[in-house]
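A.B. asks:
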Amino acid sequence: MADIGQIAVFAAFLICCFGVWAAIYGGWRGAAEFSTSARHAVIALAALLAAASGILVAAFLTHDFGVAYVAEHSSRSMPAIYVGAAFYSGMEGSLLYWATTLGLLGAAATLSLWRTSHGGSRIAAQLLPGFIACLLAIEAFFTFLMAFVARPFATNAGGVVPPDGAGLNPLLRDWGMLIHPPMLLAGYMSWTIPFCFAIAALVSGRVDNAWLPLVRRWTLFAWALLGFGNLLGAWWAYHVLGWGGYWGWDPVENCAIMPWLTGTAFLHSIQVQERRGTLKIWNMALVTLTFCLAIFGTFIVRSGVLQSVHAFALSSIGPYYFAFLAVIVIGSVALLFWRMPALRAERDLDSLLSREAAFLLNNLLFIAVTFAIFWGTIFPLISEAIRDVKVSVGAPYFQMVNGPILLGIVLLMGIGPLLPWRRATRRQLGKAFLVPLVVALGLTGILFAVGIREAPAVVGVFCCLFVAATIVAEFVAGARARRAGLGEGYATAVYGLLRRNGRRYGGYIIHLGIVALALGVLGSQVYQEERQVTLAPGQTAQIGRYTVQLQDRIEYVDGDRRVDEARLNISDGDKTLGQMRPNKAFYRGFENQATTSVAIRTNAREDLYIVLTTWDSKGATLLLVVNPLVVWLWIGGAIVLVGTVFTMWPRPATSPVRVAAPARGEAMAYGD
């Protein structure tokens, strides 16, 4: 079976090479038969890679330890449910996962583009050859690596078949790892689709606005996948790593968030291009930068040049990634310069008091945050190369630099939608901003009076309340317009807004989720309480309003792991809240690597977070943390996901009745 899998990978590489040639030749000569062959190559590639993935999964399930990758990342005692985690736990498997998922998504995008072209869309027909050529060229790189450099089906040296495997890394034996890595890797990879659309537009010369509707949903899909992958990573770190937080500004975390930030900027700026015909060069540069940052992220993970709990060990694959990234950058820049005359803006910016100006400022802030993260991530490499001194850039740098910029971005989420396109008058500004400002200032004043007085918290809460007030105002205005025009109830009217104009009102839901997420970050960063204590059985410790008492310690065997568990009684004053049981587990074959099971008690106000760090003759050493508002991170992420679904949902085919919304003369209650 391993031989068949490797043959499938090698055949996939040859298919990519053929498909690139056929797409280029077919597009250049206008030869429909070659373009058809290139489209078929995309389908064949997806089938071959899916077959190779299925063979690797079968090798894990049948304990085929003759395959080196299976022997290194699984064992007979590993539950079958963790086959998914084992699949992408190493370099070779994650490359196969990346290529397979890209192959499947690429096939879906190719078929969608082909059907659109057959439906009479000239722009789709013009983009299709370039799209396929770019997609298959990227896939050729990954299949080349798997065929010749990092072979997932390589057998053990000398054909040795060990009786058992080394086992899966204990950190990956968590259900969260069945979702987080594939979501994150798929998020990285999904940005290939918008990038291929952009390259196809540049190659074909169709750099007007016509290609943007074709790429919008794919961009939203990639943005949502990568964002959800990052949030799941934060959740996993919070529940498994046991250091009390959810984001440590680790190099791999940084590399995962950077393309999401630039992708968010791209999603906003293409609205300006669609509406005003400007920012064409900027948008091409943004989508290219986003894809390059996705490749850079995988380069950091694969090469091992930066130390991270998420990265693989130092490997020989890094130089290939670096060369691939260099080719992408040089080729994209060359195409941009070639098409520069056609990318000129159709009109100038009319006023700084306009929605397009707010979106541009939004973009600049996103780029500023991305650059600050990028610089902090690569500075240790630069320092070691120039001064031969190893340095580390920690969380204080990222928090100090990025905190104010991120608050500015949150504030702009409220300002941008209130501004009209082209130019705002004083009357429009006063009418749009008065109520949200009064509401935000009033509520912030109340919170200040009850004790929220730290400057970051006050400023952050004001920004969040202002954005929330603008969103509520927009929904109220739209619902009133529908109610007046159609006689609907408020609940039906709100649903109608989301259904008829999901792009606009779904965006407001996304912003509301970001507000909830921002409040979670503010609460946990500004008001976190933490202490480390050592307790003997019967002793107590105080953290915030909680009393923690160590009842006893138990040790037991659960399958292939030995577990040390502390039983803690928790109370709040005179009220008994129950028991919490943090533990440490030691897996067979990994006796020197303990995994942490954090005990967390969650409510809307705060988390009580307890980690068992060590246990000795003196008793249990515990890390006690109170994290205010953390649950709103996860709630905010769920709200963002709901908003994204509404934003991507197709609009009903029937034409809506338009009713002017009273909030602003430019706004519509529903419809575009």
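Position 333 of the sequence shown, counting from 1, maps to 333 under the UniProt record's numbering, and the rest follow consecutively. Glycine is no exception: its CB is placed at the ideal position from the N, C-alpha and C atoms.
Using alpha carbons as the reference points, say which of Arg561, Met340, Gln271 lies closest to asparagine 583.
C.D. replies: Asparagine 583 has its Cα closest to that of Arg561, out of Arg561, Met340, Gln271.
A.B. asks: On a Cα-Cα basis, can you pick out the residue from Gln273, Gly242, His268, Thr264 that is closest to phenylalanine 291?
C.D. replies: Comparing Cα-Cα distances from phenylalanine 291 to each of Gln273, Gly242, His268, Thr264, the minimum goes to Thr264.
A.B. asks: Would a C-beta distance cut-off of 7 Å place cysteine 196 and cysteine 134 closer than the cut-off?
C.D. replies: Against a cut-off of 7 Å, the Cβ pair of cysteine 134 and cysteine 196 comes out as a contact.
A.B. asks: Where do the ends of the beta strand (DSSP E) carrying arginine 562 lie?
C.D. replies: From DSSP, the beta strand (DSSP E) with arginine 562 extends over 561-572.
A.B. asks: Find the nearest neighbour of arginine 355 within the set Arg480, Met413, Pro341, Arg115, judged by alpha-carbon distance.
C.D. replies: Looking at the Cα atoms, Met413 is the closest of the given residues.
A.B. asks: Mind checking whether valine 393 and phenylalanine 371 have CB atoms under 7 Å apart?
C.D. replies: No. Outside cutoff.
A.B. asks: Threonine 36: which of His118, Glu253, Ile4 sits nearest, CA to CA?
C.D. replies: The option with the nearest alpha carbon to threonine 36 is His118.
A.B. asks: Since residue 676 and valine 67 are thought to touch, with beta carbons under 8 Å apart, how far apart are those beta carbons, to the nearest angstrom?
C.D. replies: Because the chain is modelled from 1 through 672, residue 676 falls outside the range shown and cannot be assessed.
A.B. asks: Report the three-state DSSP secondary structure of methionine 1 (helix, strand or coil).
C.D. replies: Correct three-state label for methionine 1: coil.
A.B. asks: Going by CA-CA distance only, name the one from Val9, Ile635, Ile138, Trp632 that's closest to phenylalanine 324.
C.D. replies: Closest by alpha carbon: Ile138.
A.B. asks: Please report the distance separating the alpha-carbon of glutamate 666 from that of alanine 473.
C.D. replies: Below a pLDDT of 50, predicted positions are generally treated as unreliable, and glutamate 666, at 36, falls in that range; the measurement from the model is reported next regardless. So the alpha carbons of these two residues sit roughly 15 Å apart.
A.B. asks: Give the straight-line distance between the Cα atoms of aspartate 350 and arginine 422, rounded to the nearest whole angstrom.
C.D. replies: In a straight line, the C-alpha of aspartate 350 is about 6 Å away from that of arginine 422.
A.B. asks: So within the stretch 262-296, which uninterrupted beta strand (DSSP E) runs reach at least 3 residues, ignoring any that extend past its ends?
C.D. replies: Listed in chain order, there is nothing to give.
A.B. asks: Residues in the same chain with beta-carbon distance under 6 Å from glycine 619, minus the five sequence neighbours each way, listed in chain order, please.
C.D. replies: Cβ within range, chain order: Thr534, Leu535, Ala536.
A.B. asks: Using DSSP bridges, identify the partner residues of glutamate 555.
C.D. replies: In DSSP, glutamate 555 forms a bridge with Asp564.
A.B. asks: Helix or strand or just coil, what does DSSP make of leucine 465?
C.D. replies: Correct three-state label for leucine 465: helix.
A.B. asks: If we count Cβ pairs, one from each stretch, closer than 8 Å, do we get three or more for the stretch 71-79 versus the stretch 159-174?
C.D. replies: Yes: the two stretches touch, three or more of their Cβ pairs being nearer than 8 Å.
A.B. asks: Taking contact to mean 3 or more Cβ pairs, one atom from each stretch, closer than 8 Å, check whether the stretch 637-649 and the stretch 510-517 are in contact.
C.D. replies: At 8 Å Cβ cutoff, the stretches touch.
A.B. asks: Does the distance from the CB of phenylalanine 646 to the CB of glycine 451 come in under 7 Å?
C.D. replies: Cβ atoms of phenylalanine 646 and glycine 451: not closer than 7 Å.
A.B. asks: Kindly indicate the opening and closing residues of the beta strand (DSSP E) around isoleucine 543.
C.D. replies: Start and end: 540-543.
A.B. asks: Is it buried or exposed, tryptophan 211, if we count other Cβ atoms within 10 angstroms and call 16 or more buried?
C.D. replies: Buried is the call here.
A.B. asks: With respect to the alpha helix (DSSP H) encompassing residue 675, which residues constitute its N-terminal and C-terminal limits?
C.D. replies: As displayed, the chain neither begins before 1 nor continues past 672, which places residue 675 out of reach and without an answer.
A.B. asks: Run through DSSP, which three-state label would glutamine 428 get?
C.D. replies: Residue state, collapsed to three classes: helix.
A.B. asks: Would you say the stretch 167-182 touches the stretch 200-208, given that touching needs at least three Cβ pairs under 8 Å?
C.D. replies: They do not touch, by the three-pair rule.
A.B. asks: Between which two residues does the alpha helix (DSSP H) carrying asparagine 402 extend?
C.D. replies: 395-415 is the extent of the alpha helix (DSSP H) around asparagine 402.
A.B. asks: Using a threshold of 7 Å, state whether the C-beta atoms of tryptophan 98 and leucine 185 are closer than that.
C.D. replies: Going by C-beta atoms, tryptophan 98 is nearer than 7 Å to leucine 185.
A.B. asks: Opposite valine 240 in the DSSP bridges: which residues?
C.D. replies: Bridge partners of valine 240: none, in fact.
A.B. asks: Spatial neighbours of threonine 547 within its chain, please: CB distance less than 6 Å, with the 5 preceding and 5 following residues excluded, ordered by chain position.
C.D. replies: Thr540, Ser571, listed in sequence order.
A.B. asks: Reducing DSSP to helix, strand and coil, say where leucine 135 ends up.
C.D. replies: If DSSP states are grouped into helix, strand and coil, leucine 135 belongs with the helices.
A.B. asks: On the three-state DSSP scale, how would you describe asparagine 501?
C.D. replies: Note: asparagine 501 maps to coil in three-state DSSP.
A.B. asks: Measuring CA to CA, which of Val461, Gly460, Val467, Ala493 is closest to valine 476?
C.D. replies: The candidate whose alpha carbon is nearest that of valine 476 is Ala493.
A.B. asks: What span of residues does the alpha helix (DSSP H) with valine 57 cover, start to end?
C.D. replies: Start and end: 32-61.
A.B. asks: Between which two residues does the alpha helix (DSSP H) carrying methionine 91 extend?
C.D. replies: Start and end: 91-118.
A.B. asks: Who are leucine 535's beta bridge partners in DSSP?
C.D. replies: Paired residues: Ala620.
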